[in-house]
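What follows is a set of notes on a single structure, which appears directly below.
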Amino acid sequence: MTPIRFYNTLTNQLEDFAPIDPPVVRMYNCGPTVYDFAHIGNFRAFVFADLLRRFLEFTGHEVRQVMNITDVGHMTEDQLADGGGQDKMELAAQRLKAAKKSGVADVENPDDPFAVARYFEKAFIDDARALRLKIADDEAPRRPRATEHVKQMIAMIEKLVAADHAYVAGDGAVYYDVSSFPQYGKLSGNTLDKLAHGAGGRVSETDTAGKRNPHDFLLWKPDAKHLMKWDSPWGWGYPGWHIECSAMSMSALGVETLDIHTGGEDNIFPHHECEIAQSCGATGKAFARYWMHTRFLMVEGEKMSKSKGNFYTVRDLLKRGVDPAALRLELMRTHYRSNMNFTMKGLEDAHRMVERWRAAAAGVDAQSVAAGDSDVERDFVAALSDDLNISGALGAINKWLNDSPDDLSPLVRMNSVLGVLEAAELETETSGDDAAIDAKVQQMADARAAKDWAASDAIRDELTAAGIEVQISKQGITWRRKMTLD
RNA sequence: GGCCGCGUAGCCAAGUGGCCUAAGGCGACGGAUUGCAAAUCCGUUAUUCGUGGGUUCAAAUCCCACCGCGGCCUCCA
103 MTPIRFYNTL
113 TNQLEDFAPI
123 DPPVVRMYNC
133 GPTVYDFAHI
143 GNFRAFVFAD
153 LLRRFLEFTG
163 HEVRQVMNIT
173 DVGHMTEDQL
183 ADGGGQDKME
193 LAAQRLKAAK
203 KSGVADVENP
213 DDPFAVARYF
223 EKAFIDDARA
233 LRLKIADDEA
243 PRRPRATEHV
253 KQMIAMIEKL
263 VAADHAYVAG
273 DGAVYYDVSS
283 FPQYGKLSGN
293 TLDKLAHGAG
303 GRVSETDTAG
313 KRNPHDFLLW
323 KPDAKHLMKW
333 DSPWGWGYPG
343 WHIECSAMSM
353 SALGVETLDI
363 HTGGEDNIFP
373 HHECEIAQSC
383 GATGKAFARY
393 WMHTRFLMVE
403 GEKMSKSKGN
413 FYTVRDLLKR
423 GVDPAALRLE
433 LMRTHYRSNM
443 NFTMKGLEDA
453 HRMVERWRAA
463 AAGVDAQSVA
473 AGDSDVERDF
483 VAALSDDLNI
493 SGALGAINKW
503 LNDSPDDLSP
513 LVRMNSVLGV
523 LEAAELETET
533 SGDDAAIDAK
543 VQQMADARAA
553 KDWAASDAIR
563 DELTAAGIEV
573 QISKQGITWR
583 RKMTLD
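If you want this note's numbering, it's the position in the first sequence, counting the first as 1, plus 102.
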């Protein structure tokens, strides 16, 4: 079997993958912030993590996946990381209040930041389940909440202070001393000598006054007025942004060195760089062996942004009748280290592919699909073993399908990685009216039996206009809703 | 200014030194089928890999320059 190789951001090269404790693989994925509904860009990273997990499971690994829920109310804008700006949870509450007024949201008490966080966390899990992310059905401890791990964060900060990796500044805030960690910059290439402080234009000088070095980052911010606050040796306040992942990953996985850590490319610096500094500083051990980052998603060739009107959440698309399997396939079929271009046409392409596979797999008795081996599965695994080359894997499947194989059970087995054959179970705005459509189709069948083509065509046109596609065969007429996109 | 990554047909997208006169999907076109369509099936669809140099017996694949795109340089997947 071909060895599994992954591109490791830490070394900027492909490396053979070998977990510390085979067949167990301990993987941590930077998860969602729950101030709002997650968008398709967020989900590209989550779908990637799911694909990685499913592939490793397919190749005999026992994956322990942990995805955090960031529910601490961090700050907006930039000063935020160091303490200014407006609390994101507060903004979320304002949005929810507005939504509640208009009857859209059903959060019980928008004034309770925890209720707001739980509301969006549930929305995230619902979306994740629709896209068949396994993490959505895992036990809750696999989705640790930052607000429930403040104790572990404080313990780690104390360790860092004791080890002289952190210090308490004049204003009482606790900062990590980056000069105490010579490897700082290894992940991103942004070593201290190369960092241009403030070049990103997002630093507030007034909030960095207490630091020894402008690149030192916040571990604890005392702030008794903060919306969500906890008691600590440094007073009531809240933890810095980076510390939660270090504390929760070790806590949830029970080890100090993870096999795999994933996230979006924007997390490479500073977030993951800082996690490494904190974790290694606290334990003296490597934090994660393989770092994998997904590139950003574009929409119709442009950056996705609310102002451009090309901003999509998963739930928006599903409500509009998009097949979740098509969305899942579209989000995962571009290699994770390339910018993917999300397009409506691409979504339709993906849908066609899913439907074709579903038709092919329709006759397979899922019960009879035991473990198996076949050329196509070997090609499939070989492609994915090469840094998760999903396009190559999909190509292997389609090529094999084009030869009209007798035994289609490999398709069902490979679906344990793809997760797209299952039909949508979601209610959409276009659901309902099935009985009325059945009746129309019956009228059409009667007209056809009487060779009344004009009547038959009229009904067909009517159904087509309503987004219903009819399929006529010798066995009769079947129908399905077309995936609709405006 | 620094650090990453990317640029392959109408669109999406593999391939990263010779099996490439470049997978696979969508679309388009032709045919079978059909009352006509749809669905389905069969076939066709890049001598060329952002541009210009260079290395090599051999380059989409390596090197250099340039152009374009994306990310980061204390919010972000």
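We put the beta carbon where it would ideally sit given N, CA and C, even for glycine.
With 16 as the cutoff for other CB atoms within 10 Å, does residue i come out buried or exposed?
i           : result
residue 449 : buried
residue 238 : buried
residue 124 : exposed
residue 578 : exposed
residue 242 : exposed
residue 555 : exposed
residue 116 : exposed
residue 316 : exposed
residue 285 : exposed
residue 134 : buried
residue 268 : buried
residue 182 : Residue placement at residue 182 is poorly supported in this model, since its pLDDT is 41, which falls under 50; the coordinates still yield a value, given next. Buried, by the Cβ-count rule.
residue 120 : exposed
residue 247 : buried
residue 529 : Any reading at residue 529 must be qualified, since the residue scores a pLDDT of 47, below 50, and its modelled position is unreliable; the value itself is stated next. Result: exposed.
residue 293 : exposed
residue 411 : exposed
residue 566 : exposed
residue 249 : buried
residue 517 : buried
Flag this pair as yes or no: are the beta carbons of residue i and residue j separated by less than 8 Å?
i           : j           : result
residue 442 : residue 156 : no
residue 151 : residue 170 : no
residue 233 : residue 401 : no
residue 487 : residue 105 : yes
residue 345 : residue 390 : no
residue 337 : residue 272 : no
residue 142 : residue 433 : yes
residue 584 : residue 561 : no
residue 127 : residue 158 : yes
residue 435 : residue 492 : yes
residue 275 : residue 324 : yes
residue 485 : residue 494 : yes
residue 354 : residue 244 : yes
residue 282 : residue 295 : no
Looking at C-alpha atoms only, which residue of the options is the closest neighbour of residue i?
i           : options            : result
residue 467 : 493, 482, 514, 432 : 514
residue 335 : 129, 384, 252      : 252
residue 175 : 341, 255, 367, 144 : 341
residue 343 : 420, 364, 369      : 369
residue 446 : 414, 384, 477, 235 : 414
residue 459 : 439, 504, 420      : 504
May I ask you to verify whether the region 543-555 touches the region 498-510, counting CB pairs closer than 8 Å and requiring at least 3?
no
Report yes or no: do the region 104-122 and the region 390-397 share at least 3 C-beta pairs separated by less than 8 Å?
yes
Could you check whether the region 372-389 touches the region 340-354, counting it as contact only if at least three pairs of C-beta atoms, one from each stretch, sit closer than 8 Å?
yes
For the pair the region 313-324 and the region 214-230, tell me if three or more CB-CB distances fall below 8 Å.
no
Whole alpha helix (DSSP H) runs in the region 440-520 with 4 or more residues, listed along the chain?
446-463, 477-487, 492-504, 511-520
Can you check the region 221-278 for any alpha helix (DSSP H) of at least 4 residues that lies completely inside it and give the ranges in chain order?
252-264
Runs of alpha helix (DSSP H) lying entirely within the region 305-377, each at least 4 residues, in chain order
345-355
Pairing CB atoms from the region 450-463 with CB atoms from the region 417-431, are three or more of them under 8 Å?
yes
Within the region 394-419, ranges of the alpha helix (DSSP H) (whole runs, at least 4 residues):
none
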